[in-house]
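Be aware that the sequence shown starts at 0, since it is given in numbering that gives the first Met the number 0, and climbs by one per residue.
The block underneath contains the structure these notes are about, expressed in structure tokens.
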Amino acid sequence: MTIFLAILPVIVALSFMLVFKQPSGRALCFSWFVATMLCLTVWRMDFAHVAGYSLVGFLSAIDILLIVFGAIMLLNTLKSAGVIDVIGHGFSAVTADRRVQVIIIAWMFGSFMEGAAGFGTPAALAAPLLVGLGFPPVAAVMVALVCNSTSVSFGAAGTPTITAVAVLGSALDACGLSQEAFLHALTVKTALIHSLAGITIPLVAILMTTILCRGKRVFSLRPTWEMLPFAVFSGMAFTVPYYLLARFVGPELPSLLGGGIGLALVVYAAKKSFLIPCNAWGFEDDVPTDLDAGGRQPETRAKISQFEAWMPYVMIALILIVTRLPQLGIKQKIVAVTLTVRNILGIEDLIWSWRYLNNPGIVFMLVALAASCWFKVPAKSLRDICYKTVLSLKNAVLALTTGVALVQLMRYSNVNASGLDSMLSQIAISLKDNFGGCYLCVAPYIGVLGAFVSGSNTVSNTLFAALQFDTARLLALSPVLVVALQSVGGAIGNMTCINNVIAVCTTTGVKGEEGRIILCNLVPTVFYCTMATLIALLIG
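What follows is the structure, encoded as structure tokens:
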């Protein structure tokens, strides 16, 4: 009975999102309330500790929310200025081969936008661009979602990975582990698994495109097979810099700068027809069009050059590199500036610390303001952008604050008068007893489940990172490796998560096909999870 009560807050959260179709914010808020009641009654914690641990959770979410706010503010500013349209239109002139267009837009541009904005933005941008170029809407949705995977763990300047460590912060301190060292190790492991598995995603995207868009042609693997060299090149063009940036810089830049480098390499290679077959593959009903990727006439964006359009992202990359590379000495000065609250609610050693100058969200906001000046966005429009950004964060604020607070309560519910272990410890022991021998196979699917119901790798890590950490320690597995599989699984879950599917279908005008899309994308989901597990077994 106790194990059921221990897992009840998680069941409540998942049920509200999956069965009752409630937003993640409302679901996690109610789940936190259930956990609070259980802590006060069954676990017999005193009110001060319940309130104190909840407050630490609320405060810990501020760092993450600032990143999200900055990323969405930047995106909204660039949309308002017409910059995103300019970037999308620039892709249409590169190549007529549909297979190459998929790689450039869904894989490369999508990965870059994931690093810059995250939270479902890449697929919601890439799919309409593909539709504007003449792709069947359902195929565009499926491929855009599948390609929005490898980059997700470091989306929005590393938010999902940073969140995982934020959730584990006090646990790492209790184990005598450095949060900074754990973050670096987690970043490297996550990037290694994604890099090796992600090389295959461009080929998967091409295979899906040629199957879904073949029309009346007889099924053949030749259109995919002949693109193998270019697909592998495209995979490595992103994953190699992605891994190197994760290893030597940190979690903020792998997707953003790796996507930018890969995009430049692949566009250049496509223009030179490098490794591309002579016979350009297209749809049966392809016709020339003068429309841009958004379905509008291109003259509306003649005032902004491609160079100007890409400058905000170049600025972000440069600022983050300068402030993240320890060799330059600036990072040490930034992280030294810390806001600390000690003995919260009178509880000894209950501390919250915030290195606010190290937050990438500040960089996003500064670049957004600079871009608004450069592109002459009116002051009224900028106010509307800020207001729109705040409104769009309502669910995220509720989800992240109550989600992190929920995990804090479940972890520290052992500070009680009942003598019971904490909720997370009991769940971890149950997982050890039932899946101990094959837990590495299970770990990524827990991440997928969290993302599937919440629509977010960040929320998935908020829910399950601590559980994965505790289970790994019980099974004498590497906690870094298991939490990395959690984060990788949370990224893979973007292929099928309900929120993303609905959002992308809405932007492309697809109706009534959500179930089919989820079902079809389960195949690459299982494939990616299997690859991740095999890689984890190899790297130990």
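Glycine is no exception: its CB is placed at the ideal position from the N, C-alpha and C atoms.
With C-beta atoms as the reference, is P136 less than 8 angstroms away from V145?
no
How about V164 and L182: are their beta carbons less than 8 angstroms apart?
yes
In three-state DSSP terms, what is L18?
Looking at the sequence shown, residue 18 is not Leu but Val. If DSSP states are grouped into helix, strand and coil, V18 belongs with coil.
Got a sec? Which residues, its chain only, sit under 6 angstroms from L430 by beta carbon, not counting five neighbours each side?
T470.
Let me check one thing: in DSSP terms, what residues is V340 bridge-paired to?
W351
Thinking just about the alpha-carbon of each residue, which of V321, T199 and T524 is nearest to the one in T223?
T199
Assigned secondary structure, Q296 (DSSP; H/G/I helix, E/B strand, else coil)
Residue placement at Q296 is flagged as unreliable, the pLDDT there being 40, under the threshold of 50; a coordinate-derived value is accordingly withheld.
Complete alpha helix (DSSP H) runs within the stretch 6-82 (minimum length 4 residues, chain order)
23-40 and 46-79
Beta-carbon proximity of F153 to P253, cut-off 8 angstroms
yes
Pick from V362, I346, W309 and I343 that is closest to V321, judged by C-alpha positions
V362
Using 8 angstroms for Cβ pairs, my map puts A70 next to A115. What's the rounded Cβ distance?
7 angstroms
For D289, count neighbouring Cβ atoms within 10 angstroms of its own Cβ and tell me buried if that reaches 16, exposed if not.
Here D289 scores only 42 on pLDDT, less than 50, and its place in the model should not be relied on; the value that follows carries that caveat. Looking at its Cβ environment, which holds fewer than 16 other Cβ atoms inside 10 Å, D289 is exposed.
Answer with buried or exposed for G492, where buried requires no fewer than 16 other C-beta atoms within 10 angstroms of its C-beta.
buried
Report the start-end ranges of each alpha helix (DSSP H) in the stretch 162-215 that is 4 residues or longer and not cut off at the edges.
With a minimum length of 4 residues, the continuous alpha helix (DSSP H) runs that stay inside the stretch 162-215 are 178-197 and 200-211.
Between K188 and the rest of its own chain, which residues show a CB-CB distance below 7 angstroms, the 5 nearest in sequence each way excluded?
V479, L480 and A483
Starting from D469, follow the alpha helix (DSSP H) in both directions and report where the run begins and ends.
N456 to L473
Could you check the C-alpha separation between Y386 and V85 for me, to the nearest Å?
24 angstroms
Taking the straight line between their C-alpha atoms, what separation do you get for T186 and G249?
If you draw a straight line from the Cα of T186 to the Cα of G249, it comes to about 7 angstroms.
Given A12, which residues of its chain have a CB within under 6 angstroms of its CB, disregarding the five upstream and five downstream residues?
A26, L27 and S30
Determine, for A316, whether the minimum Cβ-Cβ distance to residues of chain D falls below 8 angstroms.
Judged by its chain identifiers, the structure shown contains no chain D, having just a single protein chain.
Over the uninterrupted alpha helix (DSSP H) stretch that includes S424, give me the two end residues.
M422 to F434
Same chain only: Cβ atoms within 6 angstroms of L462, ignoring 5 sequence neighbours per side
G449
Going by other Cβ atoms of all chains shown within 10 Å of its Cβ, with 16 needed for buried, is G117 buried or exposed?
Buried: at least 16 other Cβ atoms inside 10 Å.
Endpoints, the alpha helix (DSSP H) within which V414 is located:
Looking at the DSSP string, V414 is not in any alpha helix (DSSP H), and its letter there is neither H nor E.
Alpha carbon to alpha carbon, how far is S23 from A155?
19 angstroms
In the structure shown, what three-state DSSP assignment does W309 receive?
helix
Below 8 angstroms on the Cβ atoms is my guess for C212 versus A138; work out the distance and round it to an integer in Å.
In this structure C212 touches A138 by the C-beta definition: roughly 5 angstroms separates them, less than 8 angstroms.
DSSP state of E513, grouped into three classes?
DSSP, reduced to helix, strand and coil, places E513 within a helical segment of the structure shown.
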